[in-house]
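Undergrad:
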Amino acid sequence: MKLNALVLAGALAVVSGWAQAQAVDPLQVRSWAAACASCHGTSGVAQAGNESLAGVNKDDMLKKLLDFKTGKKPATIMHQLSKGYSDEQLAALATYFSALKK
Amino acid sequence: MMKRRQFVQTVGTAGSLGALGLMSGCATSGSGKGPKVVVIGGGYGGATAAKYVRMWSDYGIDVTLVEPNSTFISCPISNLVLGGSKTMADITTPYDNLVKRHGVRLVQDMVTRIDPEKRMVMLAKGGELPYDRLIVSPGVDFMWENLPGMAKDGAKDKVLHSWKAGAQTVALRKQLEAMPDGGVYALSIPLAPYRCPPGPYERACQVASYFTQAKPKSKVLILDANDDVTSKGPLFKKAWADRYAGMVEYRPKHKVVDVDAATNTLKFEFNDDVKAAVLNVIPEMRAGDIAVKTGMATANKRWCEVDFLTHESIAVKNVHVLGDSIQIAPAMPKSGHMANQHGKTCAAAVVALLTGKQPNQLPIYNNTCYSFVSAEDVVHVSSVHRYDAEKKTMLTVAGSGGVSSAANELEGRYAMAWARNIWADTLA
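Here it is as structure tokens:
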């Protein structure tokens, strides 16, 4: 029973992961992410004073972005910029940056 | 055996781009066998495009960057050199890393002519460069014909614009230093659109900041052709009222129509003449001369209309235009940050087009602009721009973007972090 549930959960994860991968073209996400590089560094590796995004935990980053978007987390500028993206686009960006080398 | 076959297939399908990158490495410029991209102008737009075309083609596309200046001098932060809290060295970055790290071929020269039929650019020092795709990012040039007095001998050396950071930034700082206390510094602003909407108002703050310390009886007089402050209005007006009370005077609807440099006099369309100890005239501007000359300034003969998916000119095939030279989309500023964003959008599209792929159909990018109201305190404006397939232009995303609630020191530190990061993203 427990094993079945695990298998089912695994299968669901694969399906939803596949659906996500199909929904967003990787080159498109690369271009969206490159817009962040002006402040957060080429390929997400920042110069002193701003946060690097390369290699961050995907879930932590998505939570942070969504909290900026809802206003739960205060910011000087990210609460304004995060509102320019759908939740799905923010998730795609978090996934992209989490896979980059620190 | 399997691996080798896969390798050969990869090389075949990628049009040998991957292979060239693999063999030549990052540090060498292309072997001459790959597709050729020429970039005109090494500012925020052109330098970014040059770097990203190299990176995103896995160093398989040859990129030649033609730029007349030996180093990159940033317009953003240059007002702080006028204010005295930064030096020219602080805003200067060499082009070395584009060459060493990314294998961009750098040619220090001016382009005199583009031949779109032969796909060739002609250089001032002689010689020509062939291209498969050309990226034109020449910034702005000034419409001196609208200020006839500026054609007189010596007028341009005496009445400065300092709207392209460099020698004129240094020269204007010297004029301010030489001005006796009690003098008036008059700054004239052209009708929008012009490069860097909040820039003139930041400059007024920076000069006032300098006067407060060094020449407290002096005055900053802003003469604006526009009906009101064009960017961050309430924030700038608050800075003038609270920090520089009695020193900064703002006069809207003052359109300069001529300048008498000999007597330091500004002449207006509707208002009385103004004389001042130091005149700083920002003339009306249009796309860089080379873009106009090539017939790409299709909007009012001033700005270049582009396809926002690729930045290709609507008038000239295989030629892409970036940065301040383009006919902007609604609510899109002419800014260094925006030019850097154009550079990456264009680079991705150029790499896609040269490798037989479809360019990204949904560009999304942002603008972030910080203005220093003193040596430390900053206000910002931000926006997110997304492609609208129906209107075929970039539109701001409803509900996104905004301004600072008040000038603050924390954003002063973020502004310098922004500068370090965008300089590295553009040039390193």
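Chains as they are written, first to last, in the numbering used here: chain A, 4 to 105; chain B, 11 to 438. All C-beta atoms, glycine included, are put in the ideal place defined by N, C-alpha and C. Keep in mind that this is a model prediction, so the values were computed, not measured.
1. If you check the beta carbons only, do V3/B and A196/B fall under 7 angstroms apart?
2. With H, G and I counted as helix, E and B as strand and the rest as coil, what does DSSP make of C85/B?
3. When DSSP labels each residue in this structure, what does T320/B get in the three-state scheme?
4. Cβ atoms of S410/B and V394/B: under 7 angstroms apart, would you say?
5. In the structure shown, what three-state DSSP assignment does R253/B receive?
6. Could you list the residues in the region 371-385 of chain B with a C-beta less than 7 angstroms from some C-beta on chain A, going in chain order?
7. Is the region 58-76 of chain B touching the region 369-376 of chain B, taking contact as three or more C-beta pairs under 8 angstroms?
8. With burial defined as no fewer than 16 other Cβ atoms inside 10 Å of the residue's Cβ, what is the status of P210/B: buried or exposed?
9. Quick check on this structure: which residue in M65/B, N89/B, G53/B and G55/B has the alpha carbon closest to the alpha carbon of A362/B?
10. Please state whether DSSP places L420/B in a helix, a strand or coil.
11. Using alpha carbons as the reference points, say which of M342/B, V180/B and I145/B lies closest to K61/B.
12. DSSP three-state label for I232/B, please.
13. Should R123/B go down as buried or exposed, given a rule of 16 or more other Cβ atoms within 10 Å for buried?
14. Which residues, in chain order, does the region 50-79 of chain A contribute to contact with chain B at a C-beta distance below 7 angstroms?
15. Strictly below 7 angstroms CB to CB, what residues from chain A border G409/B?
16. Which residue spans inside the region 89-147 of chain B form an unbroken beta strand (DSSP E) run of at least 3?
17. Residues in the same chain with beta-carbon distance under 8 angstroms from V269/B, minus the five sequence neighbours each way, listed in chain order, please.
18. Could you tell me which chain A residues have their CB closer than 7 angstroms to the CB of H347/B, listed as they occur along the chain?
19. Could you tell me whether any Cβ in chain A is nearer than 7 angstroms to the Cβ of D125/B?
20. Start and end of the beta strand (DSSP E) containing L75/B?
21. Got a sec? Which residues, its chain only, sit under 8 angstroms from A297/B by beta carbon, not counting five neighbours each side?
22. Which chain B residues sit within Cβ distance under 7 angstroms of T98/A?
23. Look at F100/A and L68/A and say whether their C-beta atoms are less than 7 angstroms apart.
24. Where do the N-terminal and C-terminal ends of the beta strand (DSSP E) with K277/B fall, by residue?
25. For E421/B versus V383/B, is the C-beta distance shorter than 7 angstroms?
26. Does the beta-carbon distance from T406/B to F318/B come in below 7 angstroms?
27. In chain B, which residues lie less than 8 angstroms from L30/A when you measure between Cβ atoms?
28. Smallest Cα separation from E155/B: which of E294/B, C379/B and A427/B?
29. In chain order, what are the residue ranges of uninterrupted beta strand (DSSP E) at least 3 long that sit wholly in the region 346-408 of chain B?
30. What in chain A is Cβ-close to D435/B, meaning under 8 angstroms?
31. What residues of chain A sit near K96/B, judged by a beta carbon separation below 7 angstroms?
32. Any idea what DSSP makes of W313/B, helix, strand or coil?
33. Which runs of the alpha helix (DSSP H), 4 residues or longer, sit entirely within the region 187-228 of chain B?
34. Run through chain A and tell me which residues come within less than 8 angstroms of T355/B, C-beta to C-beta.
35. Using the rule of at least 16 other Cβ atoms within 10 Å of the residue's Cβ for burial, across every protein chain shown, is Y424/B buried or exposed?
36. Would A102/A pass as an interface residue toward chain B - the criterion being a Cβ-Cβ separation below 7 angstroms?
TA: This is what the structure gives:
1. There is no way to answer for residue 3/B, as the model of chain B reaches only from 11 to 438.
2. Coil at C85/B, not helix or strand.
3. Looking at T320/B - three-state DSSP - the assignment turns out to be coil, as it is neither helix nor strand.
4. Yes, the Cβ-Cβ distance between V394/B and S410/B is below 7 angstroms.
5. Looking at R253/B - three-state DSSP - the assignment turns out to be helix.
6. Contacts with chain A (Cβ-Cβ distance below 7 angstroms) from the region 371-385 of chain B involve L372, P373, I374, Y375, N376 and T378, listed in chain order.
7. They do not touch, by the three-pair rule.
8. Its Cβ being crowded by 16 or more others within 10 Å, P210/B is buried.
9. For A362/B, the closest of M65/B, N89/B, G53/B and G55/B by C-alpha to C-alpha distance is M65/B.
10. Reduced to three states, the DSSP call for L420/B is helix.
11. Taking only the C-alpha atoms, the option nearest K61/B is I145/B.
12. It is a strand residue.
13. Residue environment: R123/B is assigned as exposed (fewer than 16 neighbouring CB atoms within 10 Å of its CB, all protein chains considered).
14. Listed in chain order, the positions of the region 50-79 of chain A with a beta carbon within less than 7 angstroms of a beta carbon of chain B are Q50, A51, G52, N53 and T79.
15. Under the 7 angstroms cutoff, chain A gives K86.
16. DSSP runs (the beta strand (DSSP E)) wholly in the region 89-147 of chain B: 102-104, 115-117, 121-125, 130-133, 138-140 and 143-146.
17. Within the same chain, and ignoring the five residues on either side of V269/B in sequence, the residues whose Cβ sits closer than 8 angstroms to its Cβ are L157, G159, M160, A165, V169, T275, L276, K277, L289 and V291.
18. H347/B reaches chain A at S41, counting residues in chain order whose Cβ is nearer than 7 angstroms.
19. Not one chain A Cβ lies under 7 angstroms of D125/B.
20. Secondary structure note for L75/B: its beta strand (DSSP E) is the uninterrupted segment D72 to V76.
21. Closer than 8 angstroms at Cβ, skipping near neighbours: P148, V150, D151, M306, A307, R312, W313, C314, V331, D334, S335 and I336.
22. For T98/A, there are no C-beta contacts with chain B under 7 angstroms, since the nearest C-beta of that chain is about 16 angstroms from it.
23. Taking 7 angstroms as the Cβ cut-off, F100/A and L68/A do not qualify as a contacting pair.
24. Element bounds for K277/B: T275 to F278.
25. E421/B places its beta carbon 7 angstroms or farther from that of V383/B.
26. Not in contact: T406/B and F318/B (Cβ atoms no closer than 7 angstroms).
27. By Cβ distance, chain B contributes A358, A362, K367 and N370.
28. Nearest to E155/B by C-alpha distance, out of E294/B, C379/B and A427/B, is E294/B.
29. Here the runs fully enclosed are 374-382, 388-398 and 403-406.
30. For the C-beta of D435/B, the chain A residues within less than 8 angstroms are, from N- to C-terminus, A40, S41, G44 and T45.
31. Under the 7 angstroms cutoff, chain A gives no residues; its nearest Cβ is about 15 angstroms from K96/B.
32. Strand at W313/B.
33. 209-224, all fully within the region 187-228 of chain B.
34. Within chain A, the C-beta atoms nearer than 8 angstroms to that of T355/B come from S34, in chain order.
35. In summary, Y424/B is buried, with 16 or more beta-carbon neighbours lying within 10 Å of its beta-carbon over all protein chains present.
36. Not one chain B Cβ lies under 7 angstroms of A102/A.
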